[in-house]
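The structure under discussion appears below in the form of structure tokens.
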Amino acid sequence: MSSEQGLKPLRKPSHTKSYMSTLLIIVLLWWSAVKTNATIAQLIIGLPEMGKLLVEMVPPDWSYIDVVWKPMMQTVQMAVIGTTVGGIVAIPVALLAAGNVTRSPWIYHPTRIILNLIRAIPELLYAALFVAMYGIGSMPGVLALSFFAFGLIAKLTYESIETIDPGPLEAMTAVGANKWQWIHFGVVPQVTAQYMAYFLYTFEVNIRAATVLGLVGAGGIGLFLDRALQQFRYDRASLIIILTLAIVLIIDYISTKVRERLL
Numbered sequence: 496m497s498s499e500q501g502l503k504p505l506r507k508p509s510h511t512k513s514y515m516s517t518l519l520i521i522v523l524l525w526w527s528a529v530k531t532n533a534t535i536a537q538l539i540i541g542l543p544e545m546g547k548l549l550v551e552m553v554p555p556d557w558s559y560i561d562v563v564w565k566p567m568m569q570t571v572q573m574a575v576i577g578t579t580v581g582g583i584v585a586i587p588v589a590l591l592a593a594g595n596v597t598r599s600p601w602i603y604h605p606t607r608i609i610l611n612l613i614r615a616i617p618e619l620l621y622a623a624l625f626v627a628m629y630g631i632g633s634m635p636g637v638l639a640l641s642f643f644a645f646g647l648i649a650k651l652t653y654e655s656i657e658t659i660d661p662g663p664l665e666a667m668t669a670v671g672a673n674k675w676q677w678i679h680f681g682v683v684p685q686v687t688a689q690y691m692a693y694f695l696y697t698f699e700v701n702i703r704a705a706t707v708l709g710l711v712g713a714g715g716i717g718l719f720l721d722r723a724l725q726q727f728r729y730d731r732a733s734l735i736i737i738l739t740l741a742i743v744l745i746i747d748y749i750s751t752k753v754r755e756r757l758l
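All residue numbers for the sequence shown refer to my numbering, where the first residue is 496 and numbers rise by one.
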């Protein structure tokens, strides 16, 4: 028997798995839309009302900027403080959660569970809880943003620590470096750029989150946005949205440039 006769003819790969996956996704989408009443028909029915709302938002009430400028800056300040506090606290916790630094599963597993629990709670719920404790104002918003920043930065940082090059660490261990020297000269230089990138990214997210936290009384521009919507002053609401968008775009541009220099 020749070698050509011994070769089996090539068969086209079965597409059954792909078809079944696609069908499952379509069924899940249909089922979710029906159960939540979020259908295309409902979207079409609401389009005229959406058009009326957009008409009422134009032109924005530019005279209202004198009132909302201070709370807008307060929103940025809340994000600055919340991100900074959360980012600082995240550093030692990230080291404890990294398996290649802590080594002991009795330490890094519970630390990771705590981080998962913190991230499982959305910042709006944190804000509502802290408003109940401290009352309406900026303090609940700062605490909510701090918890959010802490959970996010700590997780991303410890995952980066676990992917660092082990060579320098092994060399330092061979020459008798202690744990603090091992971390300071072997771990920190390899994750500093990633940590700063995560910090800046979280700051951008916190700017957006701080805008919404005011809806539950946690200070910032969100309180004025909620008030404008309740009073049906959509021209003022559009001004707040435009101002928030401008601030976010500026901060996003600055953060991008800083990350480019670091990385």
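Backbone N, C-alpha and C define an ideal beta-carbon position, used for all residues, glycine too. Quick caveat: nothing in here was measured; it's all calculated off a predicted structure.
Does residue i come out as helix, strand or coil in the three-state DSSP assignment?
i           : result
residue 660 : coil
residue 552 : coil
residue 532 : coil
residue 728 : coil
residue 723 : helix
residue 715 : coil
residue 632 : coil
Going by C-alpha distance, which of the options is nearest residue i?
i           : options            : result
residue 694 : 753, 558, 613      : 753
residue 660 : 734, 681, 591, 512 : 681
residue 650 : 722, 609, 698, 719 : 609
residue 594 : 626, 571, 654      : 654
residue 756 : 707, 626, 689, 525 : 689
residue 559 : 734, 745, 739      : 734
residue 691 : 586, 540, 522, 576 : 586
residue 703 : 592, 730, 737      : 737
Straight-line CA distance for residue i to residue j?
i           : j           : result
residue 624 : residue 515 : 44 Å
residue 732 : residue 556 : 9 Å
residue 538 : residue 727 : 22 Å
residue 633 : residue 750 : 24 Å
residue 696 : residue 725 : 32 Å
residue 716 : residue 550 : 23 Å
residue 721 : residue 713 : 12 Å
residue 573 : residue 512 : 49 Å
residue 567 : residue 615 : 28 Å
residue 519 : residue 580 : 44 Å
residue 723 : residue 701 : 22 Å
residue 552 : residue 741 : 17 Å
residue 646 : residue 611 : 8 Å
residue 618 : residue 561 : 28 Å
residue 629 : residue 635 : 7 Å
residue 641 : residue 582 : 8 Å
residue 446 : residue 718 : In the structure as shown, the chain begins at 496 and stops at 758. Residue 446 is therefore absent and cannot be evaluated.
residue 705 : residue 545 : 26 Å
residue 563 : residue 547 : 25 Å
residue 683 : residue 666 : 15 Å
residue 747 : residue 570 : 15 Å
residue 699 : residue 743 : 7 Å
residue 524 : residue 533 : 10 Å
residue 497 : residue 656 : At residue 497 the pLDDT is 49, less than 50, meaning the model places this residue with poor confidence; the figure from the coordinates comes in the next sentence. Approximately 57 Å, taken between the alpha carbons.
residue 597 : residue 603 : 7 Å
residue 739 : residue 541 : 26 Å
residue 606 : residue 613 : 11 Å
residue 601 : residue 592 : 10 Å
Can you tell me where the alpha helix (DSSP H) holding residue i begins and where it ends?
i           : result
residue 608 : 600-615
residue 626 : 618-629
residue 692 : 683-708
residue 564 : 560-592
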